[in-house]
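*Asks:*
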Amino acid sequence: MTTATHEETLGFQTEVKQLLNLMIHSLYSNREIFLRELISNAADACDKLRYAALDNDSLYEGDSELRIEIEHDNDAGTVTIRDNGIGMNREDVVTNLGTIARSGTAEFLKQLSGEQQKDARLIGQFGVGFYSGFIVADEITVRTRKAGDEAAAGVEWRSRGEGEFTVADIEREQHGTEIILHLKEDAAEFADDFRLQSLVRKYSDHIEVPVKMPRTETARDDDGNEVEGSEVTTWENVNEATALWVRPKSEVSDDEYKAFYKHIAHDFSDPLSWSHNKVEGKLEYTSLLYVPGRAPFDLYERDGARGVKLYVQRVFIMDDAEQFLPLYLRFIKGVLDTRDLSLNVSRELLQQDPQVDRIKSALTKRALDMLKKLAKDKEAYQGFWNTFGSVLKEGPAEDFANREKIAELLRFSTTHNDSATQDQSLADYVSRMPEGQDRIYYIVADGFNAARNSPHLEIFRKKGIEVVLLHDRIDEWLMSHLTEFDGHKLVDVAKGDLDLGDVENEDEKKAQEETAKAKEDLVKRVKDALGEEVQEVRVTHRLTDSPACVVLPEHEMGFQMRRIMEAAGQNVPEVKPILELNPEHALVSRLEGTEGDGFNDLSRILLDQAIIAEGGHLDDPAAYVKRLNALLSA
Numbered sequence: 157m158t159t160a161t162h163e164e165t166l167g168f169q170t171e172v173k174q175l176l177n178l179m180i181h182s183l184y185s186n187r188e189i190f191l192r193e194l195i196s197n198a199a200d201a202c203d204k205l206r207y208a209a210l211d212n213d214s215l216y217e218g219d220s221e222l223r224i225e226i227e228h229d230n231d232a233g234t235v236t237i238r239d240n241g242i243g244m245n246r247e248d249v250v251t252n253l254g255t256i257a258r259s260g261t262a263e264f265l266k267q268l269s270g271e272q273q274k275d276a277r278l279i280g281q282f283g284v285g286f287y288s289g290f291i292v293a294d295e296i297t298v299r300t301r302k303a304g305d306e307a308a309a310g311v312e313w314r315s316r317g318e319g320e321f322t323v324a325d326i327e328r329e330q331h332g333t334e335i336i337l338h339l340k341e342d343a344a345e346f347a348d349d350f351r352l353q354s355l356v357r358k359y360s361d362h363i364e365v366p367v368k369m370p371r372t373e374t375a376r377d378d379d380g381n382e383v384e385g386s387e388v389t390t391w392e393n394v395n396e397a398t399a400l401w402v403r404p405k406s407e408v409s410d411d412e413y414k415a416f417y418k419h420i421a422h423d424f425s426d427p428l429s430w431s432h433n434k435v436e437g438k439l440e441y442t443s444l445l446y447v448p449g450r451a452p453f454d455l456y457e458r459d460g461a462r463g464v465k466l467y468v469q470r471v472f473i474m475d476d477a478e479q480f481l482p483l484y485l486r487f488i489k490g491v492l493d494t495r496d497l498s499l500n501v502s503r504e505l506l507q508q509d510p511q512v513d514r515i516k517s518a519l520t521k522r523a524l525d526m527l528k529k530l531a532k533d534k535e536a537y538q539g540f541w542n543t544f545g546s547v548l549k550e551g552p553a554e555d556f557a558n559r560e561k562i563a564e565l566l567r568f569s570t571t572h573n574d575s576a577t578q579d580q581s582l583a584d585y586v587s588r589m590p591e592g593q594d595r596i597y598y599i600v601a602d603g604f605n606a607a608r609n610s611p612h613l614e615i616f617r618k619k620g621i622e623v624v625l626l627h628d629r630i631d632e633w634l635m636s637h638l639t640e641f642d643g644h645k646l647v648d649v650a651k652g653d654l655d656l657g658d659v660e661n662e663d664e665k666k667a668q669e670e671t672a673k674a675k676e677d678l679v680k681r682v683k684d685a686l687g688e689e690v691q692e693v694r695v696t697h698r699l700t701d702s703p704a705c706v707v708l709p710e711h712e713m714g715f716q717m718r719r720i721m722e723a724a725g726q727n728v729p730e731v732k733p734i735l736e737l738n739p740e741h742a743l744v745s746r747l748e749g750t751e752g753d754g755f756n757d758l759s760r761i762l763l764d765q766a767i768i769a770e771g772g773h774l775d776d777p778a779a780y781v782k783r784l785n786a787l788l789s790a
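Residues in the sequence shown are numbered consecutively from 157, following this note's numbering.
(1) Between the alpha carbons of Lys434 and Ala201, how many angstroms are there, rounded?
(2) Could you spell out where the alpha helix (DSSP H) holding Trp633 opens and where it closes?
(3) State the CB to CB distance for the pair His644 and Asp594, rounded to an integer number of angstroms; the pair is presumed to be in contact (CB under 8 Å).
(4) How about Arg486 and Val547: do their beta carbons lie closer than 8 Å?
(5) Between the stretch 664-684 and the stretch 624-639, do at least 3 Cβ pairs fall closer than 8 Å?
(6) Using CA coordinates, which residue listed in Glu730, Val731 and Glu748 is at the minimum distance from Asn738?
(7) Please report the residue range of the beta strand (DSSP E) in which Gly332 lies.
(8) Kindly indicate which three-state DSSP category Leu784 falls into: helix, strand or coil?
(9) Using the three-state DSSP reduction, which class does Asn393 fall into: helix, strand or coil?
(10) Mark Gly289 as exposed unless 16 or more other C-beta atoms lie within 10 angstroms of its C-beta, in which case mark it buried.
(11) Considering just the uninterrupted stretch of the alpha helix (DSSP H) at Ala518, what are its terminal residues?
(12) Can you give the Cα-Cα distance for Gly725 and Thr696, rounded to whole angstroms?
(13) Determine the burial state of Leu530: buried for a count of at least 16 other Cβ atoms within 10 Å of its Cβ, exposed for fewer.
(14) Which partner residues does Ile226 have in the DSSP bridge list?
(15) Roughly how many angstroms lie between the CA atoms of Thr300 and Ala307, to the nearest whole one?
(16) In chain order, what are the residue ranges of uninterrupted alpha helix (DSSP H) at least 4 long that sit wholly in the stretch 524-599?
(17) So, helix, strand or coil for Asp663, using DSSP?
(18) Keeping to the same chain, check which residues put their C-beta closer than 6 Å to that of Glu334; ignore five residues upstream and five downstream.
(19) Nearest to Val235 by alpha carbon, out of Leu439, Thr750 and Ala343?
(20) Starting from His419 and walking both ways along the alpha helix (DSSP H), at which residues does that stretch end?
(21) Counting C-beta neighbours from all protein chains within 10 Å, is the total for Phe544 16 or more, i.e. buried, or is it exposed?
(22) Alpha carbons only, please: which of Phe755, Val649 and Gln668 is nearest the one belonging to Val707?
(23) Can you tell me which residues form a DSSP beta bridge with Lys368?
(24) Under a Cβ-count criterion, where at least 16 other Cβ atoms within 10 Å of its own Cβ denotes burial, should Thr372 be classed as buried or exposed?
(25) Between the C-alpha atoms of Glu412 and Tyr585, what's the straight-line distance to the nearest angstrom?
(26) In the stretch 701-744, which residue ranges form an unbroken alpha helix (DSSP H) of at least 4 residues, counting only runs that do not cross its ends?
(27) Do Tyr597 and Phe616 have their CB atoms nearer than 8 Å?
(28) Could you tell me the distance, in whole angstroms, from the CA atom of Gln765 to the CA atom of Glu664?
(29) Between Leu481, Leu497 and Ile767, which has its C-alpha nearest Val468's C-alpha?
(30) Would you give the residue range spanned by the beta strand (DSSP E) that Glu193 belongs to?
(31) At what residues does the beta strand (DSSP E) containing Phe321 begin and finish?
(32) In this structure, does DSSP put Lys675 in helix, strand or coil?
(33) Name the two residues that bound the continuous beta strand (DSSP E) containing Tyr441.
(34) Look at the Cβ atom of Ile420, then the Cβ atom of Ile195, and state whether they are nearer than 8 Å.
(35) Do you know whose CA, among Asp757, Gly687, Glu662 and Ala769, lies nearest Asp701's CA?
(36) Could you give the DSSP three-state label for Phe453: helix, strand or coil?
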């Protein structure tokens, strides 16, 4: 039994009573954080002793196996956390535990410089965390002795967190610190083996110092009854004490990387790829990023859980640190470990900090480079694209700086292989462009078949020009932000005037002009018949098999996007299409020879058919059917 001498009661410095009350009741939103903070402080103390003992091995006092021990007493309602680290003398106790915002670790780091500071792998900056113990305890007792001091130099510190604390000298054989939390009535849940073990594994599983808890086993006789007096208590490690991401890449096997991914992602399948990177310099952090093999159930919930696991020097801070990767990379899983961050005191929130933006930029590039490397394996990348492609398509709109990199990773259907599988890159398209073509052509439709059978593709098939077939809901929005690739403009074949560049020769262009001039009277008659239903009527050369098609102005919202906006309850301004007629088609020739109401009806039938072929909806389908029936029965 230790006997306290030279006991004195002191007040906390400054207006700490009010501040301490604020911390206990307002600062921490999650009560279980207290154990993380106290274990972090204990790990700091062990690191300090390890570093100090490099110059003076006697500081270990014959006990060089650094450790943290946690035990509880249900009857007394206490939880005890002890370490055999550096410990504190009386001056340290009064200074560190009497000044609420002081970090002993931060002060220790100030005394180091250069390579010494680099070698000291300390958490630091979180000395305030000690007071989180008052969230669950109505009284805290600290017993400590600094390594290298005499046993009589032990110190006991006690406080109820109400504005004052008591410090006394005690006899203490063991160096290091012991913290006894006298739990509040509503915090009795923490005096439980399973609860404490789960908190250690959640927050402190990867700290370097082993965290031990006692396990008592009792022998049983042949009948299965416990043998009285046979209890044997052993101390077992609760944490793994191995942070895979801090190990050199050369020392980590592929199987270990895969197993770690399954652990952090709660996934049973292997990842497709991973990237392990350590950065030193102005920014110091370690990242381990993974590309999953399968999509989580909430992939398309933009407000769902996402982001990497954030650690500060191996201590778990938050599960979904979404600030470090853009939304379009929300499928990336992994770990970020750094101490160069501005966290609030409770370490539950990231503050606005240029460091966060710099790390986000670096991790984004790292993730995109990882996908570029994966793309070299066509089969593996196709599996990735089938799962996450539509999410990656959000990238050009959200990340202008990396638009070109993202564009290289996109895959589409095209008329080259006429398949619904999106497996063609824009680089593939460019490599197949015929001489004279300087643009990338695409068409947007509701589905693959609607895209591949669009009348707008007729001239392209005739000329042997490839067209990208876009049939995902996000595609038109994507193309509104992805306007160029590798110096080639991307052009929607269903908008504006059709310009095939040098693919068309001068004779063809001259013939088209002559045809347009010859049909001026027909064009005027059709425009008069349709009135305000169309913006313009003109002769086209983009059709070979269809009699007519509708075209939208170059910068107008397409039919697909309009339907999506309308379905979402958005008001979309009305747009009048441009009707283009194929002068070589029999129906157009028939139209030219028709007069009166028959001319008006046939003009409207051609317009309605063109809108339907484009995937649009008719305002009056019944009228269209009536006119068509009249034409067929004539």
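The beta carbon of each residue, even a glycine, is placed where N, CA and C say it ideally should be.
*Replies:* Let me lay it out:
(1) If you take the alpha carbons of Lys434 and Ala201, they lie about 26 Å apart.
(2) Where Trp633 is concerned, the enclosing alpha helix (DSSP H) stretches over Asp631 to Met635.
(3) Right, their Cβ atoms sit about 6 Å apart.
(4) For Arg486 and Val547, yes; Cβs fall inside 8 Å.
(5) The stretch 664-684, when compared against the stretch 624-639, does not touch it at the 8 Å Cβ threshold.
(6) Nearest Cα to Asn738 within the set Glu730, Val731 and Glu748: Glu748.
(7) Membership of Gly332 in the beta strand (DSSP E) is indicated by the continuous run Gly332 to Leu339.
(8) In this structure, Leu784 counts as helix in the three-state DSSP scheme.
(9) In the structure shown, Asn393 sits in a strand (DSSP, three-state: E or B).
(10) Looking at its Cβ environment, which holds 16 or more other Cβ atoms inside 10 Å, Gly289 is buried.
(11) Annotation: the continuous alpha helix (DSSP H) that includes Ala518 extends over Pro510 to Leu530.
(12) Taking the straight line joining both Cα atoms gives about 35 Å.
(13) In this structure Leu530 is buried. Its beta-carbon is surrounded by 16 or more other beta-carbon atoms within 10 angstroms.
(14) According to DSSP, Ile226 bridges with Ile237.
(15) A direct Cα-to-Cα measurement between Thr300 and Ala307 gives close to 10 Å.
(16) Within the stretch 524-599, the complete alpha helix (DSSP H) runs of at least 4 residues are 534-548, 551-554, 559-565 and 582-587.
(17) The three-state reading of DSSP puts Asp663 in helix, counting H, G and I together.
(18) Around Glu334: Arg238 and Arg299.
(19) The shortest C-alpha separation from Val235 is found at Ala343.
(20) According to the DSSP assignment, His419 belongs to the alpha helix (DSSP H) that extends over Asp410 to Ala421.
(21) Around the beta-carbon of Phe544, 16 or more other beta-carbon atoms lie within 10 Å, marking it buried.
(22) Proximity to Val707 across Phe755, Val649 and Gln668 peaks at Val649, based on C-alpha coordinates.
(23) Looking at the DSSP assignment, Lys368 forms a beta bridge with Glu225 and Asn393.
(24) Per the 10 Å Cβ criterion, exposed.
(25) Distance between the alpha carbons of Glu412 and Tyr585: 39 Å.
(26) DSSP runs (the alpha helix (DSSP H)) wholly in the stretch 701-744: 715-723.
(27) Contact flag set, yes.
(28) Going from the Cα of Gln765 to the Cα of Glu664 covers about 28 Å.
(29) Measuring from the Cα of Val468, the nearest candidate turns out to be Leu497.
(30) Going by DSSP, Glu193 is part of no beta strand (DSSP E) but of the alpha helix (DSSP H) stretching over Ile189 to Ala208.
(31) Unbroken beta strand (DSSP E) run through Phe321: Glu320 to Ile326.
(32) It is coil, neither helix nor strand.
(33) For Tyr441, the enclosing beta strand (DSSP E) starts and ends at Tyr441 to Val447.
(34) In this structure, Ile195 does not lie closer than 8 Å to Ile420 by Cβ.
(35) Here the closest residue by C-alpha is Ala769.
(36) Note: Phe453 maps to coil in three-state DSSP.
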